[in-house]
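In structure tokens form, the structure reads like this:
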């Protein structure tokens, strides 16, 4: 099963996080949290980000400050959102 095939099995909250990262191309964690809350709790967003990194749909640029970590969409993530978006 390719990573794109796994897109259909991920939770709606994780899809929402992916769509937010994809629409921004890159986004800091602090900004993402402002857009996600109150619908999605911080722990869920961080879990979703880790799942998306494991699927290679996003990647991360680290920072000393947690809220300044930057997440960006990968080519595989762009392909997944284009092929599978409603």
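Residue numbers (our numbering): 7 to 92.
Yeah, the Cβ is synthetic: ideal placement off N, Cα and C, and Gly gets one too.
### Query
Hey, quick one: how far does the beta strand (DSSP E) through residue 66 stretch, first residue to last?
Residue numbering aside, residue 66 sits at position 60 when the chain shown is read from its first letter. Element bounds for residue 66: 64 to 67.
### Query
According to the Cβ coordinates, are residue 23 and residue 42 closer than 8 Å?
In the chain shown, the residue the question calls residue 23 occupies position 17. In the chain shown, the residue the question calls residue 42 occupies position 36. A contact, by the Cβ cut-off of 8 Å.
### DSSP-derived helix/strand/coil call for residue 79
The sequence position of residue 79 within the chain shown is 73, counting from 1. Residue state, collapsed to three classes: strand.
### Query
Is any heavy atom in the ligand PLP found nearer than 7 Å to the beta carbon of residue 28?
This structure lacks the ligand PLP, and indeed carries no ligand of any kind.
### Query
Comparing the C-beta of residue 46 with each C-beta of chain C, is any distance below 8 Å?
No chain C appears in this structure, which consists of one protein chain only.
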